[in-house]
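Student: Just passing along the structure, written as structure tokens.
Numbering (the working numbering), first residue to last: 11 to 215.
Below you can see the structure in the form of structure tokens.
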């Protein structure tokens, strides 16, 4: 069975990842479940760079504990790009207005900045890059995105992060109003994971 350590402590993200990869025979654990507590500086300028930084850091920590022999280490970096704000918050999505600031406040801050922006100029996208470091040192990075626009208020209780302000016109709902099954079919993370799933399956043959 393929063993995967995912470099996150975000329980909501782990639920999504487990659901999307649920059809694979894998042993998936978070960093916390693997007994790792790391402070990783995400100083990349792209989602891909930050995903690689996190995956490499966890792989190095596992190697130091002699636990990396048969583990694939995966990490993602994701965020919201708003065209009217020149792509902000982008790679700083989690740190926007401070890492400890609740996402409800971060979202409210973005809505305030966009209060005079008309609907046809509120285009935005969620982006996710996933990096994998395999036991032989090989690295693979995949990327997924989903287009939408920024709404005018927070709507929905499902999901996490900026989901309540990310409106999907074709669904007539925000990402936070989608059912888990719907979101896991179309999300930026699911699209990046579907590509990564192909890479994992190659190594399971």
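Ideal Cβ positions, reconstructed from N, Cα and C, are used throughout, including at glycine. As the structure is a prediction and not an experimental result, all values here were calculated from the model.
Please work out which residues of its chain come closer than 6 Å, Cβ to Cβ, to residue 141, disregarding the five sequence neighbours upstream and downstream, and give them in chain order.
Tutor: If we look at residue 141 and ignore the five residues flanking it on each side, its Cβ neighbours are 61, 62, 65, 85, 151.
Student: With a CB to CB cut of under 6 Å and the five nearest residues on each side skipped, what residues in its chain are close to residue 138?
Tutor: So the list reads 86, 88, 154, 198, 199, 202, once near-sequence residues are dropped.
Student: What's the gap between the Cα of residue 38 and the Cα of residue 94?
Tutor: So the two alpha carbons sit approximately 38 Å from each other.
Student: Starting from residue 30 and walking both ways along the alpha helix (DSSP H), at which residues does that stretch end?
Tutor: Run containing residue 30: 21-30, per the alpha helix (DSSP H) assignment.
Student: In this structure, does DSSP put residue 141 in helix, strand or coil?
Tutor: Note: residue 141 maps to strand in three-state DSSP.
Student: Select from 181, 119, 147, 129 the residue whose C-alpha is nearest the C-alpha of residue 164.
Tutor: Residue 164 has its Cα closest to that of 119, out of 181, 119, 147, 129.
Student: Looking only at C-alpha atoms, which of 172, 57, 71 sits nearest to residue 22?
Tutor: When only C-alpha atoms are compared, the closest one is 172.
Student: For residue 102, which residues in the same chain have their Cβ closer than 7 Å to its Cβ, ignoring the five residues on either side in sequence?
Tutor: Counting only Cβ-Cβ distances below 7 Å, and skipping sequence neighbours, we find nothing.
Student: Under a three-way DSSP split, which group does residue 38 fall into?
Tutor: Strand, per DSSP.
Student: CB-CB under 8 Å to residue 124, same chain, minus the five flanking residues each way: which ones, in chain order?
Tutor: Closer than 8 Å at the Cβ level, and outside the excluded window around residue 124, lie 92, 94, 95, 132, 160.
Student: Among the residues of its own chain, which have a CB less than 7 Å from the CB of residue 186, if the five just before and after it don't count?
Tutor: Correct list, in chain order: 165, 166, 167, 168, 169, 173, 174.
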